[in-house]
Amino acid sequence: MMNKEAVDARGSAPAPGYKVPASLSPFIKENSVVARSPGRINLIGEHTDYNNGFVLPAAIDKAAYIVITPRHDKELHLRSIDLQETYSTTADKLEKSPDMSWPNYILGVIEQFALAGIAINGFDAALTGDIPIGAGLSSSAAVECAVALAINELYACGFDKFTLVKLSQKAENDFVGVQCGIMDQFASMFGKHNHVIRLDCRSLDFDYVPFNMEGIKILLLDTNVKHSLGSSEYNVRRKQCETGVAWIQRHVPSVKSLRDATPEMLDKYVLPDDMLIYQRCKYVVEENNRLLAACKHLEQGNIPAFGARMFETHHGLSKLYEVSCPELDFLVTHVQDNPAVLGARMMGGGFGGCTINLVKEEAIDELIAETSIAYKKAMNKVLRAHVAKIENGSCILR
Ligand code: GAF
Numbered sequence: 010m011m012n013k014e015a016v017d018a019r020g021s022a023p024a025p026g027y028k029v030p031a032s033l034s035p036f037i038k039e040n041s042v043v044a045r046s047p048g049r050i051n052l053i054g055e056h057t058d059y060n061n062g063f064v065l066p067a068a069i070d071k072a073a074y075i076v077i078t079p080r081h082d083k084e085l086h087l088r089s090i091d092l093q094e095t096y097s098t099t100a101d102k103l104e105k106s107p108d109m110s111w112p113n114y115i116l117g118v119i120e121q122f123a124l125a126g127i128a129i130n131g132f133d134a135a136l137t138g139d140i141p142i143g144a145g146l147s148s149s150a151a152v153e154c155a156v157a158l159a160i161n162e163l164y165a166c167g168f169d170k171f172t173l174v175k176l177s178q179k180a181e182n183d184f185v186g187v188q189c190g191i192m193d194q195f196a197s198m199f200g201k202h203n204h205v206i207r208l209d210c211r212s213l214d215f216d217y218v219p220f221n222m223e224g225i226k227i228l229l230l231d232t233n234v235k236h237s238l239g240s241s242e243y244n245v246r247r248k249q250c251e252t253g254v255a256w257i258q259r260h261v262p263s264v265k266s267l268r269d270a271t272p273e274m275l276d277k278y279v280l281p282d283d284m285l286i287y288q289r290c291k292y293v294v295e296e297n298n299r300l301l302a303a304c305k306h307l308e309q310g311n312i313p314a315f316g317a318r319m320f321e322t323h324h325g326l327s328k329l330y331e332v333s334c335p336e337l338d339f340l341v342t343h344v345q346d347n348p349a350v351l352g353a354r355m356m357g358g359g360f361g362g363c364t365i366n367l368v369k370e371e372a373i374d375e376l377i378a379e380t381s382i383a384y385k386k387a388m389n390k391v392l393r394a395h396v397a398k399i400e401n402g403s404c405i406l407r
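Just so we're aligned: the sequence shown equals residues 10 to 407 in the working numbering.
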């Protein structure tokens with residue numbers, strides 16, 4: 010059943026702790042709108058969203074914030090406070106910025122509103138946030154959702170959150186050029202305090218599942234490796250999955266996506282033709298089934314079993330889907346036999362970013378200290394660590 014909770018166009022109710030960052034104050038005028046949209050984690054279900062499968066993400070306590078102030082002309086003056094960069098264009102000249110990526114997440118969303126028939130005038134926008142960029146926490150989706158919510162408010166468009174999620178995803182697909190699925194924008198927009206979202210990416214039905222692992226925290230270990238290969242290889246993986254589906258479809262026309270495929274179909278119709286395509290599809294089919302099993306473990310409170318599924322996911326992402334990297338593999342292998350770590354895996358698109366770890370609360374400090382030393386020694390890189398809290402999704406702050 011479709012979850013009807015919180016589809017209101019103004020987003021989640023801002024929790025008392027969500028304040029407008031001080032750095033935005035100089036840019037706020039009487040008629041400004043300020044929106045907040047968080048980054049996300051994903052417990053399990055990776056690279057399944059664009060295969061019409063399931064995901065289990067949540068919004069976190071790190072977010073993007075945008076203030077938008079209308080102008081009387083067509084000019085768009087965009088500012089990244091954190092990068093100390095500005096970008097100007099006009100609302101009728103929405104072209105991709107050649108040298109800076111952040112304006113594209115704003116321009117792409119403006120373009121989608123224009124395509125939806127909303128006459129967008131000029132505005133001044135200032136952007137800030139505390140989601141580490143390139144860490145696999147979906148800072149880009151957070152910016153897109155914040156912009157979408159702010160424009161929706163400013164122009165009184167009345168779009169609901171589903172429409173804003175799809176519009177933000179389309180901005181990423183068509184303007185930015187990454188053929189991402191719907192998970193990141195969905196999690197950012199629909200997140201709920203202390204709940205994970207069990208989302209069926211085919212129907213968009215979803216449930217909020219309480220995240221109550223007693224004594225367990227979500228620890229993100231950031232490789233500090235930026236996923237530069239991410240977008241090109243991401244699009245390649247997507248195509249490989251589509252190829253597998255096309256081969257199965259020749260024999261079983263009812264299979265519309267890897268969501269519908271079985272291991273037997275892969276063995277029969279994909280393996281004989283191409284080992285690489287087979288491995289990619291095998292990972293996705295297994296991951297979908299793994300997520301369903303993991304959800305049962307979660308309902309039963311069987312965290313060790315849930316964690317074991319996370320390690321299996323990492324193995325599949327690393328060996329079959331091949332979207333990991335030595336740094337991510339190191340971090341997962343390093344914690345694998347630690348009894349304080351119940352589950353760990355790389356998270357997000359891959360080729361860098363974070364691992365997500367379920368860790369016994371009392372062991373976190375020591376784990377971070379000891380892993381940082383080992384990581385520095387093995388990879389000669391600095392490890393960043395963050396204990397993620399699960400928070401509400403996008404909202405209008407003013
Ligand atoms: C990226 C994409 F944006 C998501 O849609 C999803 O596919 C994820 O990689 C992998 O699960 O974050």
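Each residue gets a CB set at the ideal place from its N, CA and C atoms; glycine is no exception.
Inter-residue CB distance, residue i and residue j (contact presumed, cutoff 8 angstroms)
i, j, result
"Leu367", "Gly352", "4 angstroms"
"Ser177", "Val118", "6 angstroms"
"Cys363", "Leu275", "Wrong, their Cβ atoms sit about 30 angstroms apart, outside the cutoff."
"Ile77", "Val42", "5 angstroms"
"Gly224", "Glu379", "Wrong, their Cβ atoms sit about 20 angstroms apart, outside the cutoff."
"Cys250", "Val293", "6 angstroms"
"Tyr360", "Glu242", "First, the amino acid is wrong: residue 360 is Phe here, not Tyr. With a Cβ gap of about 6 angstroms, Phe360 and Glu242 count as contacting."
Proximity test, residue i beta-carbon vs ligand 1 heavy atom, cut-off 6 angstroms
i, result
"Met192", "yes"
"His343", "no"
"Glu296", "no"
"His395", "no"
"Cys290", "no"
"Cys189", "yes"
"His56", "yes"
"Gly357", "yes"
For residue i, three-class secondary structure by DSSP
i, result
"His202", "coil"
"Asp276", "helix"
"Asn51", "strand"
"Lys13", "A caution first: Lys13 carries a pLDDT of 45, below 50, which makes its placement in the model unreliable, though a value can still be read off. Correct three-state label for Lys13: coil."
"Ala270", "coil"
"Arg289", "helix"
"Asp374", "helix"
"Thr364", "strand"
"Cys250", "helix"
"Ala353", "strand"
Residue environment, residue i, which counts as buried when at least 16 other CB atoms sit within 10 Å
i, result
"Arg407", "exposed"
"Lys265", "exposed"
"Lys13", "Its pLDDT being 45, under 50, Lys13 is placed unreliably in this model, and the value from its coordinates should be taken loosely. Burial call: exposed."
"Met284", "exposed"
"Arg80", "exposed"
"Arg259", "exposed"
"Lys305", "exposed"
"Gln121", "buried"
"Thr271", "exposed"
"Ser46", "buried"
"Pro483", "In the structure as shown, the chain begins at 10 and stops at 407. Residue 483 is therefore absent and cannot be evaluated."
Residue-level contact to chain C via CB, residue i, 7 angstroms cutoff
i, result
"Thr342", "The chain labelled as chain C is not found in the depicted structure, where only one protein chain is given."
With three or more C-beta pairs closer than 8 angstroms as the rule, is the stretch 396–407 touching the stretch 55–71? Judged by Cβ distances under 8 angstroms, the stretch 55–71 makes contact with the stretch 396–407, as three or more pairs qualify.
Taking contact to mean at least 3 C-beta pairs separated by less than 8 angstroms, is the stretch 115–133 in contact with the stretch 197–206? No, because fewer than three Cβ pairs between the stretch 115–133 and the stretch 197–206 fall closer than 8 angstroms, the two stretches do not touch.
Between the stretch 141–153 and the stretch 180–197, are three or more C-beta pairs nearer than 8 angstroms? In short, these stretches touch, since the Cβ pair count reaches three.
Give a yes or no on contact between the stretch 252–264 and the stretch 87–100, applying the rule of three or more CB pairs nearer than 8 angstroms. Touching, no.
Are the stretch 153–169 and the stretch 100–110 touching, with three or more C-beta to C-beta distances below 8 angstroms? No: the two stretches stay apart, fewer than three of their Cβ pairs being nearer than 8 angstroms.
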